[in-house]
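One gets my numbering by counting positions in the sequence shown from 1 and adding 156 to each.
Note that the Cβ used here is the ideal one computed from N, Cα and C, for glycine as well.
What follows is a set of notes on a single structure, which appears directly below.
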Amino acid sequence: ILSSLLFYASVSSDIFLPGMHMADVSLPLLPTFIFALLLLLSWVGGAAMTAQNFRLAMQVQADLLEQVKELRTRCDILQQENNRLREQNYETDARLRVALSRVDELSADLAVLQDDTRTAG
């Protein structure tokens, strides 16, 4: 790139200063050379920044993927716990219904005994 820019600068200097060679017009070429050097440095710096940003983006992506995996694992564990608690809740509800049914039976038996006690007494 730099050699192409220097060639362009030498050709353009011949256009602006006919009959002179590159050695004869070294002073007018200095700004072009500096511009070419700055352009090259900015391109290299931009490429380095792009590479650094790409590495950073890849690291962030890897970190996010790891966090997603951890969250999925935790979600699976919580889902299993939720299913276990739901099953336990169904079992407890069934036992409670049986116990309430038994209480209703005992309450009916108690009412019959109270009636028998009143009629006997």
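Whole-angstrom distance between residue j and residue i, CA atom to CA atom
i    : j    : result
K225 : I190 : 51 Å
L269 : S257 : 18 Å
R230 : W199 : 46 Å
M214 : R228 : 21 Å
A276 : E237 : 57 Å
L262 : T273 : 16 Å
L266 : D260 : 10 Å
E243 : A255 : 18 Å
A204 : R240 : 54 Å
E222 : A207 : 22 Å
L173 : G201 : Bear in mind that the predicted position of L173 carries a pLDDT of just 47, short of 50, making it unreliable; the figure below should be weighed with that in mind. Using only the alpha carbons, I get a separation of about 34 Å.
L220 : D232 : 18 Å
Outcome for residue i when other beta-carbon atoms lying within 10 angstroms are tallied against a minimum of 16
i    : result
A192 : buried
Minimum Cβ-Cβ distance from residue i to chain C less than 8 Å
i    : result
T248 : Among the chains of the structure shown, chain C does not appear; only one protein chain is present.
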